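K.L.:
To convert, note that position 48 of the sequence shown is 48 in the working numbering; the numbers rise steadily by one, no gaps. The structure's right below; bear with me while I get my questions together.
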Amino acid sequence: MSMELVFLGTGAAYPSPYRSASALVLRTEGDCWLFDCGEGTQTQLMRSHLKAGRITKIFITHLHGDHMFGLPGLLCTLSLNCSTTAGKEQQPVHIYGPAGLRKFLRVSLELSNSQLLFPYIVHEFVPTADQSPTEGMIDSVKTECDGELHPQEQEGRTIYLDPEEKCYTLLENEQFVVKAFRLYHRIPSFGFTVQERERPGRLNVEKLKELGVRPGPAYGKLKNGESVVLENGVTVHSADVVQTSIPGRKVCILGDCSGLIDDAVQRLCWEADVLVHEATLDDTQKDKALEHGHSTPSMAADFANSCQAKQLVLNHFSQRYKPSSLLKDDDENNIMEMKLQAASVFKGNEVIIAEDFLSVGVPIKKKS
Ligand SMILES: [Zn+2]
Ligand SMILES: [Zn+2]
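In structure tokens form, the structure reads like this:
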């Protein structure tokens, strides 16, 4: 299965003609998962090769406007373009984000009298008090969302921190497990780890035939790792007839942050195939970055090293850093300097600078 990350917005704070506000898509065959939805995300989607109608899940890292002001508008446009076939029930769009997102969306859609042609569900995760300075915490009275659901809204889950694993399990399906983890920022921020499940090896049917194993329960046992004794007394071992399994890929996407809450994050991001980390300001501006709850390239690389990530993508740049294609010789704020700052620290394969519409493939791993 092919898998790619497509960056739709790589700028911090506000959208500009060079860098739109935060948004990126993890595309797998047939499915698009959107991570953050800053203002302008819908026009960026239209300019990209992606199909907005394929978005089935949306994940929001935190409630700063540059990460979610595009959400109500995007949903309304998806609805305009959504084809309703009589008798065919529309699948809901699942939206995951910090507590308060449900209310933001409900109020936005209600006050603008927006109706959608598909249902939506908001699953909220509840931050802890150590994720931001005191003034960054929103009182739970303000984020609470009692009262009636929006006509197209279905009841979502409220997810609390797993006290042992120190993370939030958002979804588990046949292909993926997605978890959220806590980050430190001016307001509570989160990262996501998308772990593809290991794909079990296929049965070598040719060999099974050769050995005289007939299709049926024996096939199931062998696939489960058990051995089978044939009528002629010969024992067939699973390892002889099952091909090696293919390990799952891991993609980690971090929201705005100047630090971690605990070392659970390293465990969750351990050996990430691709790690997307913010680098709002360059290393020479580290004090300012920290003051505003942000990271620099070498901070991102230090974190990537601590979890032995294979590939690091720097993202969420201050608008002062123009894309490399627009750089002038005398530009003081050189994005390529940021790449060098991270590369001088990072021990993995490669440091990539995210630009709007950049696509980063996540290759299938070798068999284990
Ligand atoms: Zn931001
Ligand atoms: Zn932020």
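The C-beta atom is built at its ideal place from N, Cα and C for all residues, glycine as well. Note that the coordinates shown come from a computational prediction; the quantities given were computed from them, not determined experimentally.
Between which residues of its own chain and TYR14 is the CB-CB distance below 8 Å, once the five residues before and five after are set aside?
P.N.:
Along the sequence shown, one-based indexing puts residue 14 at 14. The residues are ALA21, GLU39, ASP66 and GLN319.
K.L.:
Rounded to the nearest angstrom, how far is the Cβ of VAL360 from that of GLU4, given a contact under 8 Å?
P.N.:
The residue you call residue 360 lines up with position 360 of the sequence shown. The residue you call residue 4 lines up with position 4 of the sequence shown. Contact flag correct, Cβ pair sits at about 7 Å.
K.L.:
Restricting to runs no shorter than 3 residues, where is the beta strand (DSSP E) found entirely within the stretch 188-265?
P.N.:
Counting whole runs of 3 or more residues, the stretch 188-265 contains the beta strand (DSSP E) stretches 189-196 and 250-254.
K.L.:
From what residue to what residue does the beta strand (DSSP E) around ASP31 run?
P.N.:
Here the question's residue 31 lines up with position 31 in the sequence shown. Taken as a continuous stretch (DSSP letters only), the beta strand (DSSP E) holding ASP31 covers 31-35.
K.L.:
Excluding the 5 residues preceding and the 5 following PRO133 in the sequence, name in chain order all residues of the same chain whose CB lies nearer than 8 Å to its CB.
P.N.:
Indexing the sequence shown from 1 puts residue 133 at position 133. The residues are ARG186.
K.L.:
DSSP on GLN44, reduced to helix/strand/coil?
P.N.:
Numbered from 1 along the sequence shown, position 44 holds the residue referred to as residue 44. Helix at GLN44.
K.L.:
Please confirm whether TYR120 and ILE95 have their CB atoms less than 8 Å apart.
P.N.:
As a first step, residue 120 is located in the sequence shown; it is residue number 120 there, counting from the start. As a first step, residue 95 is located in the sequence shown; it is residue number 95 there, counting from the start. For TYR120 and ILE95, yes; Cβs fall inside 8 Å.
K.L.:
When burial is assigned at 16 or more other CB atoms within 10 Å of the CB, is THR61 buried or exposed?
P.N.:
As a working note, residue 61 is residue 61 in the sequence shown. Buried, by the Cβ-count rule.
K.L.:
Ligand 1 and ASP273: does any heavy atom of the ligand fall closer than 7 Å to the residue's C-beta?
P.N.:
The residue labelled residue 273 in the question sits at position 273 within the sequence shown. False, no ligand heavy atom lies under 7 Å from that Cβ.
K.L.:
What residue does the beta strand (DSSP E) around ALA23 start on, and which one ends it?
P.N.:
Within the sequence shown, the letter at position 23 stands for residue 23. Run containing ALA23: 23-28, per the beta strand (DSSP E) assignment.
K.L.:
State yes or no: is the C-beta of ASP256 nearer than 7 Å to some heavy atom of ligand 2?
P.N.:
The residue given as residue 256 occupies position 256 in the sequence shown. Yes, Cβ of ASP256 sits closer than 7 Å to a heavy atom of ligand 2.
K.L.:
From this set, ASN224, ARG249, SER245 and GLY248, which residue's C-alpha is nearest HIS237's C-alpha?
P.N.:
Walking along the sequence shown from the start, residue 237 turns up at place 237. If we check each option's Cα against that of HIS237, ASN224 comes out closest.
K.L.:
Taking PHE176 as the reference, give the member of THR56, ALA342, SER324 and GLY248 with the closest Cα.
P.N.:
Locating residue 176 in the sequence shown gives position 176, where the first residue counts as 1. Ranking the options by Cα distance to PHE176, first place goes to GLY248.
K.L.:
List in chain order: all unbroken beta strand (DSSP E) runs of 3+ residues lying wholly within the stretch 279-353.
P.N.:
Here the runs fully enclosed are 311-315 and 350-353.
K.L.:
Go through its chain and collect everything with a Cβ distance to LYS339's Cβ below 6 Å, but skip five positions before and after it.
P.N.:
Translated into the one-based positions of the sequence shown, residue 339 becomes position 339. Excluding positions up to five away in sequence, the list reads VAL351 and ILE353.
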